[in-house]
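To start, the structure under review is shown below, and the notes come after it.
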Amino acid sequence: KNEVEQSPQNLTAQEGEFITINCSYSVGISALHWLQQHPGGGIVSLFMLSSGKKKHGRLIATINIQEKHSSLHITASHPRDSAVYICAVSSFGNEKLTFGTGTRLTIIP
Amino acid sequence: GAVVSQHPSWVICKSGTSVKIECRSLDFQATTMFWYRQFPKQSLMLMATSNEGSKATYEQGVEKDKFLINHASLTLSTLTVTSAHPEDSSFYICSARQGAVGLAKNIQYFGAGTRLSVL
Chain A
15 KNEVEQSPQN
25 LTAQEGEFIT
35 INCSYSVGIS
45 ALHWLQQHPG
55 GGIVSLFMLS
65 SGKKKHGRLI
75 ATINIQEKHS
85 SLHITASHPR
95 DSAVYICAVS
105 SFGNEKLTFG
115 TGTRLTIIP
Chain B
64 GAVVSQHPSW
74 VICKSGTSVK
84 IECRSLDFQA
94 TTMFWYRQFP
104 KQSLMLMATS
114 NEGSKATYEQ
124 GVEKDKFLIN
134 HASLTLSTLT
144 VTSAHPEDSS
154 FYICSARQGA
164 VGLAKNIQYF
174 GAGTRLSVL
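Read top to bottom, the protein sequences are chains A and B.
Everything in the first sequence is counted per my numbering, starting at 15 for the first residue and increasing by one.
Everything in the second sequence is counted per my numbering, starting at 64 for the first residue and increasing by one.
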């Protein structure tokens, strides 16, 4: 069993739909990261959070430490949101990131 | 936000040659840089952690003589794939971290990646 699991693995939706991607982890963490990887391969860090909720534009990330679960939401989805979204966690005293396998999101116009 | 530049973005080389990939932090000092490898449709796999001025720490199963890492300054780390073979063909990504103090400094800024094809 992976330490970081994401669901769904693949998600296809119509433009404008509300998107939710889930991440569950099994270890104690200092922070959880949401990353976006575009088809060309480059990775952008979207959020780093250790509690509560963060919002940036149409993106919202939440985390429940007790339940070891985080969600990434996209409101009013757009084809340019099509990418692989990766959840990663870092632990106290360990600077390395442990990655989930990613969620491939495709938004259809 | 902070910018990490990785070069080249794409390289094709003949089997047996060496390839150097550069990772630069453009607007901050990176005390730590990470090198990852990614196979198609798989997640990132950490190869090594590099701290400025010291030897890199390699993950289990990664050949240090095969993948030479140098982090000579606070803004530059290089990965050299020596005597490349077709099985080394992959997508290599670097990331850089600003410092070890405070949670916010744990953010990693990623380069755009280098696609290596060994013929």
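Built from N, CA and C at the ideal position, the CB exists for glycine as well.
| Check | Outcome |
| --- | --- |
| On the DSSP bridge assignment, give the partners of E122(B) in chain order. | Partner(s): none; E122(B) has no beta bridge. |
| Any beta carbon from chain B within less than 8 Å of H111(A)'s own beta carbon? | According to the sequence provided, residue 111(A) is Leu. The question's His does not apply to it. Yes - at least one Cβ of chain B is within 8 Å of the one on L111(A). |
| Note the first and the last residue of the continuous beta strand (DSSP E) segment covering V74(B). | 73-76 |
| Per DSSP, what kind of secondary structure is R94(A) in: helix, strand or coil? | helix |
| Would you tell me roughly how many angstroms separate the C-alpha atoms of I57(A) and N133(B), rounded to the nearest one? | 22 Å |
| Going straight from the alpha carbon of R87(B) to that of S136(B), what length do you get? | 10 Å |
| What's the gap between the Cα of I75(B) and the Cα of K82(A)? | 42 Å |
| Using a Cβ-Cβ distance under 8 Å, would T89(A) count as near chain B? | no |
| With a threshold of 7 Å on Cβ separation, who are the neighbours of I121(A) within its own chain once the five nearest residues in sequence on each side are excluded? | A27, E29, S91, H92, P93, D95, S96 |
| T145(B) and I84(B): beta carbons closer than 8 Å? | no |
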